[in-house]
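Asks: The structure under discussion is supplied below as structure tokens; questions concerning it will follow.
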Amino acid sequence: MENIIEIKDVCKSFGGKDNRTQVLNNVSLSVGKSEFISLMGASGSGKSTLLYLLGGLDIPDSGEIVLDGRDISKMRDRALSKLRRKGMGFVFQFFNLVQNLTVEDNILLPLVMDGRSPKKNREKLDSILETVGLSDKRKSYPNQLSGGQQQRCAVARAVIYEPKILLADEPTGNLDSKSGTEIMELFSRINKEKGITILMVTHSAECAAYSDKVITLSDGKILS
Ligand SMILES: Nc1ncnc2c1ncn2[C@@H]1O[C@H](COP(=O)(O)OP(=O)(O)O)[C@@H](O)[C@H]1O
Ligand SMILES: [Mg+2]
């Protein structure tokens with residue numbers, strides 16, 4: 004299987020000279036195209052740090068991160084931000100929706116920020132609204148939605164460009180278990196129907212059960 008994510012000997016530490024904490028200590032990990040992976044581990048074990056590095060939002064002290072065959076440390080800023088916008092989708096624990104935009108405008112935001120015409124993307128929008136089950140909420144604002152609906156809106160926004168990779172940091176961490184299950188079913192569907200590779204941080208064994216494989220971070224290393 005071809006790998007879409009290759010992490011090789013990545014180290015990352017934080018802090019000053021005298022109080023440095025080694026958060027990731029020679030982490031290596033390969034994710035195949037269209038795999039759905041769960042990343043687990045105790046609080047503070049470096050899961051979010053690893054996702055940030057993958058998203059190009061921070062840089063490792065050493066080691067290599069190769070996404071879809073490209074070493075991100077060797078990419079220019081413009082290429083990296085393009086990859087971030089179109090090649091990857093992000094979903095967070097606290098939805099991160101824009102409160103004064105409707106559901107459909109939140110979903111279209113990545114396209115609008117790219118200078119694309121929302122009108123030309125009607126079909127795409129209708130289809131994704133259908134997929135996430137929010138067709139009847141398209142004109143609602145985030146504060147008129149339940150947590151689960153807000154997260155489904157955030158998922159729609161993350162995949163409107165049909166990215167190759169979806170990175171999710173505790174996407175059900177702020178949801179009741181029924182809404183959490185809905186999000187996991189949505190992730191499964193997106194993964195299978197669109198072939199989007201998913202790397203999801205979770206504390207929940209029920210959520211992890213939806214993925215193909217569970218990887219555990221502990222003491223800065225991946226447990227095999
Ligand atoms: N920007 C930062 N500056 C300083 N320390 C950080 C930073 N980001 C994370 N850390 C530290 O790195 C460790 C791992 O954090 P994190 O990756 O958020 O863990 P997890 O997501 O597994 O709970 C924690 O001890 C945290 O305090
Ligand atoms: Mg975290």
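Going by this note's numbering, the first residue of the sequence shown is number 4, and it counts up by one from there. The C-beta atom is built at its ideal place from N, Cα and C for all residues, glycine as well. These numbers come from a predicted model, not from an experiment.
Under a Cβ-count criterion, where at least 16 other Cβ atoms within 10 Å of its own Cβ denotes burial, should residue 43 be classed as buried or exposed?
Replies: When all chains shown are included, residue 43 counts as buried.
Asks: Quick check for students: name the residue ranges of the beta strand (DSSP E) that lie wholly in the region 20–96, counting only runs of 3 or more.
Replies: Complete beta strand (DSSP E) runs here, min 3: 24–35, 39–43, 65–70, 91–94.
Asks: What would DSSP say about residue 111, mapped onto helix, strand or coil?
Replies: Here residue 111 sits in helix by DSSP.
Asks: Residue 193 to residue 20, Cα distance in whole Å?
Replies: Going from the Cα of residue 193 to the Cα of residue 20 covers about 44 Å.
Asks: Less than 7 Å between C-beta atoms, sequence neighbours within five positions excluded: which residues of the same chain meet that for residue 50?
Replies: 42, 44, 204, 220.
Asks: Taking all protein chains shown into account, decide if residue 107 is buried (16 or more other Cβ within 10 angstroms of its Cβ) or exposed.
Replies: Result: buried.
Asks: Is the region 10–19 touching the region 127–137, taking contact as three or more C-beta pairs under 8 Å?
Replies: No: the two stretches stay apart, fewer than three of their Cβ pairs being nearer than 8 Å.
Asks: For residue 58, which residues from the same chain have a beta carbon less than 7 Å from its beta carbon, with the 5 sequence-adjacent residues on both sides left out?
Replies: Around residue 58: 87, 91, 93, 170.
Asks: Would you list the residues sitting across from residue 171 in a DSSP beta bridge?
Replies: In DSSP, residue 171 forms a bridge with 94, 203.
Asks: Here's the rule: buried if 16 or more other CB atoms are within 10 angstroms of the residue's CB, otherwise exposed. What is residue 187?
Replies: Burial call: buried.
Asks: With a threshold of 6 Å, establish whether the CB of residue 51 neighbours any heavy atom of ligand 1.
Replies: Answer for residue 51: yes, Cβ within range of ligand 1.
Asks: Can you find the residues in the same chain that come closer than 6 Å, C-beta to C-beta, to residue 199, ignoring five residues on each side of it along the sequence?
Replies: The answer, listed in chain order, is 169, 193.
Asks: Measuring CA to CA, which of 215, 10, 206, 159 is closest to residue 74?
Replies: Measuring from the Cα of residue 74, the nearest candidate turns out to be 10.
Asks: By a C-beta neighbour count over all protein chains shown, 10 Å radius and 16 as the cutoff for buried, is residue 60 buried or exposed?
Replies: Counting Cβ neighbours within 10 Å, residue 60 comes out exposed, since fewer than 16 surround it.
Asks: Ligand 1 and residue 221: does any heavy atom of the ligand fall closer than 6 Å to the residue's C-beta?
Replies: Not under cutoff, so the answer is no.
Asks: For residue 184, which three-state DSSP category applies?
Replies: The answer is helix: DSSP assigns residue 184 an H, G or I state.
Asks: For residue 26, verify whether its CB is less than 6 Å away from any heavy atom of ligand 1.
Replies: Residue 26: yes, Cβ under 6 Å from ligand 1.
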